[in-house]
Amino acid sequence: MANSKRTKIILACTECKQRNYFLTKEKKLHPERMEINKYCRFCKKHTPHKETK
Numbered sequence: 005m006a007n008s009k010r011t012k013i014i015l016a017c018t019e020c021k022q023r024n025y026f027l028t029k030e031k032k033l034h035p036e037r038m039e040i041n042k043y044c045r046f047c048k049k050h051t052p053h054k055e056t057k
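If you want it as structure tokens, here you go:
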């Protein structure tokens, strides 16, 4: 697992800017930033979440 090519990313809600989700992704296959519709427990609804630094 030490040679894993997956990197840790954080997803933040686009409406309230809270960091809600921690995921891993393959940088070689998906070099661009991710944007996914996910549930935000602070907004209490489904909102777009973008990858942060």
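Residue numbers (the numbering used here): 5 to 57. Cβ atoms here follow ideal geometry from the backbone N, Cα and C, with glycine treated the same way. Because the structure is a prediction, the values reported are computed rather than measured.
Do you know offhand how far residue i's Cα is from residue j's?
i, j, result
"Y43", "T56", "17 Å"
"T11", "T28", "5 Å"
"S8", "E36", "19 Å"
"K32", "K49", "32 Å"
Ordered along the chain, which non-local residues of its own chain (more than five positions away) have a Cβ less than 6 Å from that of residue i?
i, result
"E39", "P52, K54"
"N41", "H50, P52"
"Q22", "F46"
Classify residue i as helix, strand or coil using the three-state DSSP reduction.
i, result
"L33", "coil"
Can you list, in chain order, the residues of its chain with a C-beta nearer than 7 Å to that of residue i? Leave out the 5 residues immediately preceding and following it.
i, result
"F26", "K12, I14"
"C47", "C17, E19, C20"
By Cβ distance, which residues of its chain are closer than 8 Å to residue i, with the 5 residues on each side in sequence left out?
i, result
"R45", "N24"
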